[in-house]
Amino acid sequence: MNSTCKLQRCFGQPSWRLRSDRVDARLTRLGGHLAPVTFQLPGGRSVRPYAVAPWAERNETLPPGTPPLLHALRGDFFCCPFGGNATPFRGEKHPPHGATANRRWSLVSLSPGRTCGDRASSVLHARLAIRARAARVDKFITLVHNHAAIYQSHVIRGMSGLMPLGHHAMLALPRQSPGGYISTSHFVRGQVLPTPFEAPASGGYSRLSPGHRFQSLGRVAVSCEPKGTGFADLSQLPPEPGFDDLVMLSADPRAPFAWCAVTFPQEGYAWFALRDPRVLRHTILWLSHHGRHYAPWNGRHGPVLGVEDVTAYFHYGLAESVRPNELSRRGFATALRLRCDRPTRINYIMGVVAIPSAFGPVAAIRAVPRGIAVYPARGFAVCADIDLGFLRKGVIATTQRVATSASRLDRPS
Numbered sequence: 001m002n003s004t005c006k007l008q009r010c011f012g013q014p015s016w017r018l019r020s021d022r023v024d025a026r027l028t029r030l031g032g033h034l035a036p037v038t039f040q041l042p043g044g045r046s047v048r049p050y051a052v053a054p055w056a057e058r059n060e061t062l063p064p065g066t067p068p069l070l071h072a073l074r075g076d077f078f079c080c081p082f083g084g085n086a087t088p089f090r091g092e093k094h095p096p097h098g099a100t101a102n103r104r105w106s107l108v109s110l111s112p113g114r115t116c117g118d119r120a121s122s123v124l125h126a127r128l129a130i131r132a133r134a135a136r137v138d139k140f141i142t143l144v145h146n147h148a149a150i151y152q153s154h155v156i157r158g159m160s161g162l163m164p165l166g167h168h169a170m171l172a173l174p175r176q177s178p179g180g181y182i183s184t185s186h187f188v189r190g191q192v193l194p195t196p197f198e199a200p201a202s203g204g205y206s207r208l209s210p211g212h213r214f215q216s217l218g219r220v221a222v223s224c225e226p227k228g229t230g231f232a233d234l235s236q237l238p239p240e241p242g243f244d245d246l247v248m249l250s251a252d253p254r255a256p257f258a259w260c261a262v263t264f265p266q267e268g269y270a271w272f273a274l275r276d277p278r279v280l281r282h283t284i285l286w287l288s289h290h291g292r293h294y295a296p297w298n299g300r301h302g303p304v305l306g307v308e309d310v311t312a313y314f315h316y317g318l319a320e321s322v323r324p325n326e327l328s329r330r331g332f333a334t335a336l337r338l339r340c341d342r343p344t345r346i347n348y349i350m351g352v353v354a355i356p357s358a359f360g361p362v363a364a365i366r367a368v369p370r371g372i373a374v375y376p377a378r379g380f381a382v383c384a385d386i387d388l389g390f391l392r393k394g395v396i397a398t399t400q401r402v403a404t405s406a407s408r409l410d411r412p413s
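Taking the working numbering, the leading residue of the sequence shown gets 1, the next gets one more, and so forth.
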């Protein structure tokens, strides 16, 4: 190890720093939260997509009993079990989003500048024990030379039974409208959270109609609409101020990979997340725009978009996800079955790509020989070299050439 392995305080949290020529990232010891992350774009520009909670940014003292998760809240973190976990299950009681998002991780190694075939990579390896099931989780974060991307693997050992889990990324949104667009790969089911997400009596406000089923993010029913339309277009960002809402999209598990993308045309880039839909079946979108007025939120969180790629039953937690529920009865997995004699690996890729200001929302992301092509509704795609094989293998290939470029590819059909 070298000096980069030393903990450095960042926004109040002791953190490890991991760098490559295109990415500069911090990982908090508490909860393993990944942020801030700076990506370098062509031309020397840099962008920071991930949100940091205002109280964490200011290192405020929070009320006693506040979950450690909220002290560190930022960026992306791994949840096992995913969800609120308010209801104990068979004697197990987990904190919100699990020990992996709340307890201290231990650094095993940080290897900067390691040769990976014709490329150099940096790998951070951290470890955490989950006492509730006597299991161990190993976190591997890999940065690859000339890739504006982060490769993550979480390997779960010694755990058996059903478990909801996934990633919980949070993006900072521009305040002006439209400041961006959210789009995803084809989803076979879209639904607003079945129960009210927030309660005015508790100081929280939501606007979407609980349980509403929808086929497009562009038309989702609202309970009360100030403009009188009765529907909201969730694809345009930021969301309506004054509300926090939650929807879930279920991907087609037959797809070679699933994706989410958020474009920031005025800032000239798109953020994307890639996953294997057989492992992480759903995407939960948390639209947070000053809708919570209780501590520590106090009406100041947002505009933030949570892009939470999971296998779970919405955000409820372990008990609700492993018991029969509305989704599982229809054949949609809401928990993964783990085996103590076989490790379970969850692989995930997040990255950015430069786009022109007229790009608009992402219409499609497709595999190309050296990575992915990101398509707008009209015009030409932009390409980024991404090792898609990582999603299923969890290892970086060693023979692929690396570049990031714009390409005149066919428009999406």
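Glycine included, C-beta positions come from ideal geometry on N, C-alpha and C. Everything numeric in this text was worked out from a predicted model, so none of it was measured.
Asked, Found
"Return the residue from the list Asp76, Gly65, Ser122, Ala86 that minimises the CA-CA distance to threonine 100.", "Asp76"
"Out of Ala132, Val123, Ser153, state which residue places its alpha-carbon closest to the alpha-carbon of histidine 414.", "Here the chain comprises residues numbered 1 to 413, so residue 414 is not present and cannot be evaluated."
"What is the DSSP secondary structure of glutamine 266, counted as helix, strand or coil?", "helix"
"Taking the alpha-carbon positions, what's the phenylalanine 112 to glycine 299 distance?", "Reading the sequence as shown, one finds proline at residue 112 and not phenylalanine. So the alpha carbons of these two residues sit roughly 41 Å apart."
"Can we say the region 290-310 touches the region 49-60, given the rule of at least three CB pairs closer than 8 Å?", "yes"
"Where does lysine 6 sit, in a helix, a strand or coil, going by DSSP?", "coil"
"Is proline 376 helix, strand or coil when you go by DSSP?", "strand"
"Under 6 Å Cβ to Cβ from alanine 148, same chain only, skipping five residues before and after it: list those, please.", "Arg22, Phe39, Gly351, Val352"
"Can you find at least 3 beta carbon pairs, one from the region 163-183 and one from the region 260-277, that sit closer than 8 Å?", "yes"
"Under a Cβ-count criterion, where at least 16 other Cβ atoms within 10 Å of its own Cβ denotes burial, should glycine 291 be classed as buried or exposed?", "buried"
"Tell me which same chain residues have a C-beta within less than 7 Å of the C-beta of serine 160, skipping the five on either side of it?", "Leu338, Arg339, Cys340"
"Go ahead and label asparagine 59 buried or exposed: buried means 16 or more other beta carbons lie within 10 angstroms of its beta carbon, across all protein chains shown.", "exposed"
"Where does the unbroken alpha helix (DSSP H) through valine 297 begin, and where does it stop?", "Per the sequence shown, the amino acid found at residue 297 is tryptophan instead of valine. Unbroken run through tryptophan 297: none, as it is neither H nor E."
"Please report the distance separating the alpha-carbon of phenylalanine 359 from that of lysine 93.", "46 Å"
"Within the same chain, show all residues whose beta-carbon is closer than 6 Å to that of glycine 218, passing over the 5 residues directly before and after it, in chain order.", "Asp233, Ser235"
"Using C-beta distances below 6 Å, list every residue in its chain close to arginine 213, excluding the 5 sequence neighbours before and after it, in chain order.", "Gln191"
"Going by Cα to Cα distance, which pick from Leu285, His167, His282 is closest to proline 349?", "The residue asked about is misnamed: residue 349 is isoleucine in this sequence, not proline. Out of Leu285, His167, His282, His167 has the C-alpha closest to the C-alpha of isoleucine 349."
"Excluding sequence positions up to five away, which residues of its chain have a Cβ less than 6 Å from the Cβ of histidine 282?", "Met248, Ser250, Val310"
"Determine whether the beta carbon atoms of alanine 72 and glutamine 13 lie at a separation below 8 Å.", "yes"
"What three-state label does DSSP hand arginine 213 in the structure shown?", "strand"
"Would you list, in sequence order, the uninterrupted beta strand (DSSP E) runs of no fewer than 3 residues that lie entirely inside the region 68-112?", "76-79"
"Rounded to the nearest angstrom, what separates proline 95 and proline 64 at their Cα positions?", "15 Å"
"Starting from the Cα of serine 121, find the closest Cα among Phe197, Leu18, His97, Arg175 and give me that residue.", "Leu18"
"Roughly how many whole angstroms lie between the Cα atoms of phenylalanine 197 and glutamate 240?", "15 Å"
"Between which two residues does the alpha helix (DSSP H) holding leucine 173 run?", "Premise fails: leucine 173 is in no alpha helix (DSSP H) and is neither H nor E."
"Taking only the alpha-carbon atoms, compute the straight-line gap between tryptophan 105 and glycine 379 and give it to the nearest angstrom.", "45 Å"
"Would you say alanine 354 and leucine 41 are within 8 Å of each other, going by their C-beta atoms?", "yes"
"Can you tell me which of the three DSSP states leucine 318 falls into?", "helix"
"Which of the three DSSP states, helix, strand or coil, is assigned to glycine 44?", "helix"
"Here's a check: name, in chain order, each residue in its chain whose Cβ is nearer than 6 Å to the Cβ of arginine 127, leaving out the five neighbours to either side.", "Ser106, Val108, Asp138"
"Is the beta carbon of glycine 394 sitting closer than 8 Å to the one on arginine 345?", "yes"
"Rounded to the nearest angstrom, what separates leucine 318 and arginine 131 at their Cα positions?", "15 Å"
"Name, in chain order, the residues that DSSP records as bridge partners for serine 153.", "Phe140, Asn347"
"Could you please give the first and the last residue of the uninterrupted alpha helix (DSSP H) stretch that includes phenylalanine 390?", "390-393"
"Would you mind working out which of Ala363, Leu143, Phe89, Glu308 sits nearest threonine 25, comparing C-alpha positions?", "According to the sequence shown, residue 25 is alanine rather than threonine. Among Ala363, Leu143, Phe89, Glu308, the Cα nearest to that of alanine 25 is on Leu143."
"How about histidine 362 and alanine 261: do their beta carbons lie closer than 8 Å?", "In the sequence under discussion, the amino acid at residue 362 is valine, which differs from the histidine named in the question. The answer is yes: Cβ separation under 8 Å."
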